[in-house]
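Numbering-wise (UniProt numbering), the sequence shown opens with residue 1 and increments by one.
Glycine included, every Cβ here is placed at the ideal spot set by N, Cα and C.
This structure is a prediction, so every number in the text was calculated from the model and none was measured.
In what follows, a single structure is set out as structure tokens and then discussed.
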Amino acid sequence: MGKIVIVDPSVAGISGDMFLSSLISLGADERSIKDLGDTVLRCIDGVSHIEIGFTDVIRGGVKAKKLEVKIEEEHTHRRGAELIRAIECIAKGVELGEEALRFSFNTLKMLLEIEAYVHGRGMNEIELHEIGSVDTIIDIVGSALALQSLNLFNVYTISMPVALGGGYVKFSHGVYPVPAPATIEILKRGKAIVVGGMVDGELTTPTGAALLTNFVKKFDYRYPLFELEAIGYGAGEKNFDAIPNILRIVTGRKIDEVINYRIEDIVVLETDIDDTTGEVVGYTFEKLLNSGARDVSIIPIYMKKNRPGYTVRVIADMKNYKELARILIEETGTLGVRYSVYSRIAVPDREIVPIELEINGHRRKIMLKISRDGRGNIVNVKLEYESVREVAHELGIPLREVLNIVYRTIDRITQSKSQDSKLQINME
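Below, the structure written as structure tokens:
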């Protein structure tokens, strides 16, 4: 509960061997991967020898694990149906659990579907070259075994942006610009965030992309707030001068599990204006709130030449901050909007609850905002002003009298620390 895994391919991309090596560096069972070779020999025709191991190497001054595979095989191209049968056979021999087996099949299926889509062929009939080799099977099944040994299925998983590389890559179908067609199609379907990268060459392979998109549930630009537990580094084959050719995988615990509050990312938008009217500012204020802003603040300031102006500050969600920035620009005429992304610790459970009260012989409902932490404990109770105002107006009594009754109710709720989400309190 609360486990988090972050895959970071933002510098050197990801390949199948880098992913597996990172998991071994994290502490996955190395022996089970080495023993995988014997099962592969029995399940795949045309293979006479396999030797699997891991070594420690240095990439860009960082020590990392590197997968070493020695294979003697008659050919490296196989049809999709052959690979499916191979994984079915291997799964029985190495005792893949249900989740690991599903992960293996989903990864292979994605590779086959994308290759078939890119080349306009049937999934079982297409003849695979680069991904048809035994290496691919070892990368997929080995990664499934490693994830199983680390108990990393069904945890919260995030990937940083995926570095693609640049230049051109040569493979069986010719020379293509990086990324290869299959790689970019896999990442598109996985809704990945991508970045070019700092070197020419293929940094992310189709197998690496398929493993990543079948493992992580979310892509993000930066690490969330969490408590570190372990770090694994997996090395790629090449040794670049500009960057360390490594994939980093980090595990930890979500802070919201530790402190019983939710951790979320928000965006703060700001712009300074001194050449618009108060009416325009007020209209913009309302439009921002109606368009989904969490909060809007107008702060009086003095600008150049002692001109009075305003700072408009907007708290927005990650999903709608661009639209709110557009509204700011169009409505105020500002030439730019500053934005910053913040992690926020927030109360996870908020609800508006009706409370029935006896007020001067009349029973009326007042709405209260009740906030709870992750364990259900009441953190704060606050009245919904509009409902109080309506009751005071309807009964023709001073607002402060209604407020006094409501405040006594709030004190009673707060002191009881009730965890019942359906509070119904009667008060004379």
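Alpha carbon to alpha carbon, how far is residue i from residue j?
{"i": "Ile-301", "j": "Ala-293", "result": "22 Å"}
{"i": "Ile-87", "j": "Ile-243", "result": "35 Å"}
{"i": "Lys-365", "j": "Lys-382", "result": "14 Å"}
{"i": "His-393", "j": "Leu-399", "result": "8 Å"}
{"i": "Val-178", "j": "Glu-386", "result": "59 Å"}
{"i": "Lys-422", "j": "Gly-376", "result": "Interpretation of Lys-422 is limited by its pLDDT of 41, a score under 50 that renders its predicted location unreliable; no figure is taken from the coordinates."}
{"i": "Met-427", "j": "Asp-411", "result": "Reliability fails at Met-427, whose pLDDT of 32 lies under 50, so the model's placement of it is uncertain and no value is given."}
{"i": "Leu-112", "j": "Val-40", "result": "19 Å"}
{"i": "Tyr-223", "j": "Ser-340", "result": "15 Å"}
{"i": "Leu-357", "j": "Ile-231", "result": "56 Å"}
{"i": "Glu-82", "j": "Arg-189", "result": "25 Å"}
{"i": "Ala-325", "j": "Tyr-283", "result": "15 Å"}
{"i": "Phe-240", "j": "Phe-19", "result": "18 Å"}
{"i": "Ser-25", "j": "Met-318", "result": "33 Å"}
{"i": "Ile-158", "j": "Lys-217", "result": "6 Å"}
{"i": "Ser-10", "j": "Tyr-321", "result": "24 Å"}
Output needed for residue i: all residues of its chain with C-beta closer than 6 Å, excluding positions within five of it in sequence on either side, in chain order.
{"i": "Val-141", "result": "Ile-90, Ser-104"}
{"i": "Asp-8", "result": "Met-160, Arg-248"}
{"i": "Glu-51", "result": "Lys-70"}
{"i": "Lys-66", "result": "Ser-21, Thr-55, Val-57, Ala-235"}
{"i": "Gln-424", "result": "Bear in mind that the predicted position of Gln-424 carries a pLDDT of just 38, short of 50, making it unreliable; the figure below should be weighed with that in mind. Within the same chain, Gln-424 has no close Cβ partners at all."}
Out of the options, point me to the one whose CA is closest to residue i's CA.
{"i": "Leu-147", "options": "Val-280, Ile-193, Met-198, Glu-99", "result": "Glu-99"}
{"i": "Ile-345", "options": "Ile-14, Lys-65, Ile-266", "result": "Ile-266"}
{"i": "Pro-354", "options": "Val-347, Lys-369, Glu-82", "result": "Lys-369"}
{"i": "residue 443", "options": "Ala-316, Thr-332, Met-367", "result": "Residue 443 lies beyond the range of the chain shown here (1 to 428); nothing can be said about it."}
{"i": "Arg-102", "options": "Ile-6, Thr-39, Ser-133, Leu-211", "result": "Leu-211"}
{"i": "Glu-68", "options": "Leu-26, Asp-272, Gly-16, Tyr-117", "result": "Gly-16"}
{"i": "Glu-384", "options": "Ile-397, Met-367, Ile-378, Ala-12", "result": "Met-367"}
{"i": "Tyr-156", "options": "Lys-191, Ile-6, Pro-206", "result": "Ile-6"}
Could you pull out every residue in the same chain whose Cβ sits closer than 7 Å to the Cβ of residue i, ignoring the five residues on either side in sequence?
{"i": "Ile-359", "result": "Val-391, Leu-395, Val-402, Ile-405"}
{"i": "Ile-298", "result": "Val-281, Phe-285, Tyr-310, Val-312"}
{"i": "His-362", "result": "Leu-395"}
{"i": "Tyr-221", "result": "Pro-161, Ile-193"}
{"i": "Asp-295", "result": "Ile-315"}
How would you call residue i, buried or exposed, if buried means at least 16 neighbouring beta carbons within 10 angstroms?
{"i": "Glu-115", "result": "buried"}
{"i": "Arg-372", "result": "buried"}
{"i": "Arg-121", "result": "exposed"}
{"i": "Asp-135", "result": "buried"}
{"i": "Val-175", "result": "exposed"}
{"i": "Tyr-342", "result": "exposed"}
{"i": "Asn-245", "result": "buried"}
{"i": "Glu-323", "result": "exposed"}
Is the distance from the Cβ of residue i to the Cβ of residue j below 8 Å?
{"i": "Glu-208", "j": "Leu-164", "result": "A small fix is needed here, since residue 208 is Gly in this sequence, not Glu. No, the Cβ-Cβ distance between Gly-208 and Leu-164 is not below 8 Å."}
{"i": "Gly-252", "j": "Ile-4", "result": "yes"}
{"i": "Gly-2", "j": "Lys-254", "result": "yes"}
{"i": "Cys-43", "j": "Gly-97", "result": "no"}
{"i": "Phe-54", "j": "Glu-73", "result": "no"}
{"i": "Ile-263", "j": "Leu-203", "result": "no"}
{"i": "Pro-348", "j": "Tyr-261", "result": "yes"}
{"i": "Asn-214", "j": "Asn-106", "result": "yes"}
Using only the heavy atoms of the ligand ATP, determine whether one of them is closer than 7 Å to the beta carbon of residue i.
{"i": "Gly-46", "result": "In the structure shown, the ligand ATP is absent, as is every other ligand, since no ligand is present at all."}
For residue i, I'd like the list of residues in its chain whose CB is within less than 8 Å of its CB, leaving aside the five on either flank, ordered along the chain.
{"i": "Lys-63", "result": "Asp-56, Val-57, Tyr-233"}
{"i": "Gly-166", "result": "Val-178, Gly-196, Gly-197, Val-199, Asp-200, Gly-201"}
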